[in-house]
């Protein structure tokens, strides 16, 4: 590639969304989402809660809206108490406002845990997470929502 | 109020977020959300689907992700087929990016319908909806997610 083509490519990448490439803001949200999944899988309660803003809300199925750190902490505590919990999620799409201060990630989760009789319960589902850029440049969760893909009659968490 | 104070107030309202007042973008999303609730309650399938972008996704509980108009149409058709369906929702919070091209509404829904035996099933829950401003200035849904507040053991839609 000659130098002119190289400069043109760099300018193109820097200008904004390119099919197959992510903007810096999309990459930052992806990294924040992946880090959240890591600390959540490790059942690190403090770090899992601290990814959320103090006025964030988590919308969990079959539970009232959890608004604010205390309610979110209690919700996560219940989840982390599930015996032998294994949970992971991966974003499949990330979109960001032009001002790069608000965006969302959405994707799929999977989890397993043991029921009171020791049988493995498996769940798969989808989630949507709205991220807001903070004054220090960090992306934090302001609104998170998820639900199972499985029929209501199946064992659910 | 003298004219100077009046001008100052108008400038202040036009400048952006004010406690207790909504920006034009927040008002537009609120109006779009309320209009969506109206056409949905009227079981107007075409208009309910057309509020969503062609690449939107709706995350309904106990169902796979519905991506795109065809899948969303089928999901809404199932909901509209519930006997004597009555549904409403109201946004409690609306936030918008500084660039006013992406925002979200979140709030509570309530619905009732008749089960196969004719008994009334009641559900209450919460939702999060991400809105994206289109080139023509209209706000459309790109991502919607909702779930019941009620325990999984209760009758669910």
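Chains as they are written, first to last, in the working numbering: chain P, 1 to 157; chain C, 1001 to 1157.
Where a beta carbon is used, it is the ideal one built from N, C-alpha and C, also for glycine.
Chain P contact for residue i (CB, 9 Å cutoff)
{"i": "residue 1038 of chain C", "result": "no"}
{"i": "residue 1101 of chain C", "result": "yes"}
{"i": "residue 1081 of chain C", "result": "no"}
{"i": "residue 1091 of chain C", "result": "no"}
{"i": "residue 1096 of chain C", "result": "yes"}
{"i": "residue 1065 of chain C", "result": "yes"}
{"i": "residue 1106 of chain C", "result": "yes"}
{"i": "residue 1163 of chain C", "result": "With chain C covering 1001 to 1157 only, the question about residue 1163 of chain C has no answer from this structure."}
{"i": "residue 1132 of chain C", "result": "yes"}
{"i": "residue 1152 of chain C", "result": "yes"}
{"i": "residue 1051 of chain C", "result": "no"}
{"i": "residue 1143 of chain C", "result": "yes"}
{"i": "residue 1162 of chain C", "result": "No answer is possible for residue 1162 of chain C: it lies beyond the span of chain C, which begins at 1001 and ends at 1157."}
{"i": "residue 1016 of chain C", "result": "Confidence at residue 1016 of chain C is low in this model, with a pLDDT of 45, below 50, so the placement of that residue should be treated as unreliable; the coordinate-derived value is given next. Chain P contact via Cβ: absent."}
Residue i vs residue j beta-carbon contact at 9 Å
{"i": "residue 1032 of chain C", "j": "residue 1089 of chain C", "result": "no"}
{"i": "residue 107 of chain P", "j": "residue 126 of chain P", "result": "yes"}
{"i": "residue 1064 of chain C", "j": "residue 61 of chain P", "result": "no"}
{"i": "residue 1148 of chain C", "j": "residue 1123 of chain C", "result": "yes"}
{"i": "residue 1058 of chain C", "j": "residue 1128 of chain C", "result": "no"}
{"i": "residue 110 of chain P", "j": "residue 87 of chain P", "result": "yes"}
{"i": "residue 1027 of chain C", "j": "residue 95 of chain P", "result": "no"}
{"i": "residue 200 of chain P", "j": "residue 1097 of chain C", "result": "For chain P, the structure presents residues 1 to 157; residue 200 of chain P sits outside this window and is missing."}
{"i": "residue 69 of chain P", "j": "residue 39 of chain P", "result": "no"}
{"i": "residue 81 of chain P", "j": "residue 1152 of chain C", "result": "no"}
Among the options, nearest to residue i - alpha-carbon criterion
{"i": "residue 1047 of chain C", "options": "C:1092, C:1101, C:1067 and C:1073", "result": "C:1073"}
{"i": "residue 1105 of chain C", "options": "P:84, P:96 and P:143", "result": "P:143"}
{"i": "residue 78 of chain P", "options": "P:52, P:99, P:45 and P:68", "result": "P:45"}
{"i": "residue 130 of chain P", "options": "P:116, P:53, P:39 and P:136", "result": "P:53"}
{"i": "residue 41 of chain P", "options": "P:116, P:112 and P:152", "result": "P:112"}
{"i": "residue 117 of chain P", "options": "P:83, P:150 and P:138", "result": "P:83"}
{"i": "residue 1138 of chain C", "options": "C:1067, C:1066, C:1029 and C:1150", "result": "C:1029"}
CB contact check: residue i to chain C, cutoff 9 Å
{"i": "residue 46 of chain P", "result": "no"}
{"i": "residue 109 of chain P", "result": "no"}
{"i": "residue 59 of chain P", "result": "yes"}
{"i": "residue 24 of chain P", "result": "no"}
{"i": "residue 75 of chain P", "result": "no"}
{"i": "residue 117 of chain P", "result": "no"}
{"i": "residue 128 of chain P", "result": "yes"}
{"i": "residue 122 of chain P", "result": "no"}
Anticipated Cβ contact below 8 Å, residue i with residue j, distance rounded
{"i": "residue 1085 of chain C", "j": "residue 1043 of chain C", "result": "7 Å"}
{"i": "residue 1025 of chain C", "j": "residue 1119 of chain C", "result": "Not confirmed; about 43 Å, so no contact."}
{"i": "residue 1141 of chain C", "j": "residue 1051 of chain C", "result": "6 Å"}
Residue i Cβ short of 8 Å to the ligand PLP heavy atom set
{"i": "residue 51 of chain P", "result": "Looking for the ligand PLP in the displayed structure turns up nothing, as the structure carries no ligands at all."}
*asked:* If we require 4 or more residues per run, which alpha helix (DSSP H) segments fall completely within the region 1018-1090 of chain C?
replied: DSSP runs (the alpha helix (DSSP H)) wholly in the region 1018-1090 of chain C: 1024-1041, 1045-1050 and 1068-1080.
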